[in-house]
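Have a look at the structure below before the remarks.
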Amino acid sequence: MNSKLKLGVIISGKGSNLKSLIEATQKNNFPAEIVIVIANVPNIAGIEIAEEASLPVCTINHNDFNNRELFEKEIHAVLTNARVELVCLAGFMRILTDHFIQLWLNKIINIHPSLLPSFKGLKTHERAIKSGAKFSGCTVHFVRPEMDSGPIIIQAVVPINQKDTPATLANRILIAEHKIYPRAVKLIASKRVFIKNNRVSVKDSSSTNEILINPNS
87 MNSKLKLGVI ISGKGSNLKS LIEATQKNNF PAEIVIVIAN VPNIAGIEIA EEASLPVCTI
147 NHNDFNNREL FEKEIHAVLT NARVELVCLA GFMRILTDHF IQLWLNKIIN IHPSLLPSFK
207 GLKTHERAIK SGAKFSGCTV HFVRPEMDSG PIIIQAVVPI NQKDTPATLA NRILIAEHKI
267 YPRAVKLIAS KRVFIKNNRV SVKDSSSTNE ILINPNS
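Number 209 in the numbering used here belongs to position 123 of the sequence shown; there are no gaps in the numbering.
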């Protein structure tokens with residue numbers, strides 16, 4: 087009997103985080119599997135990545151619907167038919183309605199390219215550099231109606247270098263994203279993640295005591 091957690095991944099673009107999830111789920115001991123990939127934009131690179139991995143792909147173009155509710159109703163139907171247990175937003179560039187989020191409460195996760203709750207929304211790297219912050223990073227969190235909020239599952243810290251541009255910082259943070267997104271899925275699939283008072287606790291977890299300093303000389 088297959089007891090792996092069934093994932094539905096929703097994408098809007100290049101699919102680099104989708105690729106990291108695919109690579110993780112292809113390992114024999116990984117406790118989750120991707121059962122459907124949904125794209126809301128036709129002919130994107132992420133679709134090719136899914137097809138190359140022989141994964142079922144469904145394109146649901148948001149422009150084909152008169153409102154978000156009808157668009158999300160179709161997404162919900164596809165996820166339900168595929169028996170999805172956890173929805174992974176991976177570069178999905180649409181805001182979900184409160185109704186949809188409540189239907190999948192604590193079963194939708196997202197990855198955001200900043201250390202939430204700092205720098206919610208768009209242009210995170212540009213804003214982090216402009217602020218003078220010495221660190222940025224990325225966050226995997228459960229989705230809530232308020233944008234880029236919700237219980238934080240895992241984060242990775244990335245230093246901001248003096249010569250960084252938004253593009254160079256984005257490239258380094260993306261490497262960190264590819265590491266922590268599969269790790270977050272594995273924690274959930276292993277039933278180690280618990281939510282209480284809008285905070286995540288992870289069973290049998292360990293933390294680093296290392297102090298990061300930037301600049302360090």
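We put the beta carbon where it would ideally sit given N, CA and C, even for glycine.
- Task: Would you give the residue range spanned by the alpha helix (DSSP H) that residue 188 belongs to?
- Result: Counting along the chain, the alpha helix (DSSP H) containing residue 188 begins and ends at 184–189.
Quiz item: Is there contact here, the segment 95–113 with the segment 253–270, by at least three beta-carbon pairs under 8 Å?
Solution: Yes, the segment 95–113 touches the segment 253–270.
Next item on the list: For residue 285, write down the residues that DSSP places opposite it in a beta bridge.
Entry: Partner(s): 282.
>> Restricting to runs no shorter than 3 residues, where is the beta strand (DSSP E) found entirely within the segment 149–216?
In response: Complete beta strand (DSSP E) runs here, min 3: 172–176 and 194–198.
Review point. Where DSSP assigns a beta bridge to residue 241, which residues make up the other side?
Key: DSSP output for residue 241 lists 225 as bridge partner(s).
Which class does residue 35 belong to by DSSP, given the choice of helix, strand or coil? A question about residue 35 goes unanswered here, because the residues of the chain that appear run from 87 up to 303.
**Asked** Is it true that the CB of residue 194 sits closer than 8 Å to the CB of residue 173?
**Response** Contact flag set, yes.
Worksheet item: Near residue 93, what residues of its chain come up, given a Cβ to Cβ distance below 6 Å and the 5 sequence neighbours on each side ignored?
Response: Within the same chain, 118, 120, 172 and 174 come within 6 Å of residue 93 by CB-CB distance, once the 5 residues on both sides are set aside.
request  = Going by CA-CA distance only, name the one from 149, 234, 125 and 237 that's closest to residue 95.
outcome  = The shortest CA-to-CA distance from residue 95 to any of 149, 234, 125 and 237 is the one to 125.
So what's residue 130 in DSSP terms, helix, strand or just coil? Correct three-state label for residue 130: coil.
Suppose you measure from the CA of residue 204 to the CA of residue 289; what does that come to, to the nearest Å? Near 26 Å, if we compare the C-alpha coordinates of residue 289 and residue 204.
Residue 251 - DSSP class collapsed to helix/strand/coil: Residue 251: coil per DSSP, three-state reduction.
From residue 197 to residue 142, what distance separates their C-alpha atoms?
If you take the alpha carbons of residue 197 and residue 142, they lie about 22 Å apart.
inquiry  = I'd like to know whether the C-beta atoms of residue 222 and residue 238 end up nearer to each other than 8 Å.
reply    = Cβ distance not < 8 Å, so residue 222 and residue 238 don't count as in contact.
Please tell me whether residue 158 and residue 186 are closer than 8 Å, where the distance is taken between their beta carbons. Yes, Cβ-Cβ distance for residue 158 and residue 186 is below 8 Å.
Determine the contact status of residue 200 and residue 210, defining contact as a CB-CB distance below 8 Å. Contact check for residue 200 against residue 210 passes: the beta carbons are separated by less than 8 Å.
- Whose C-alpha, out of 273, 241, 192 and 233, is nearest the C-alpha of residue 282? The candidate whose alpha carbon is nearest that of residue 282 is 192.
**Prompt:** In angstroms, rounded to a whole number, what distance separates the CA positions of residue 169 and residue 275?
**Reply:** Distance from the CA atom of residue 169 to the CA atom of residue 275, rounded to whole angstroms, is 15 Å.
Original post:
Hey, would you say residue 99 sits closer than 8 Å to residue 146, going by beta carbons?
Top reply: No, these two residues do not count as a Cβ contact at 8 Å.
Check your understanding: Under three-state DSSP, which class holds residue 92?
Key -> Taken through DSSP and simplified to helix, strand or coil, residue 92 comes out as strand.
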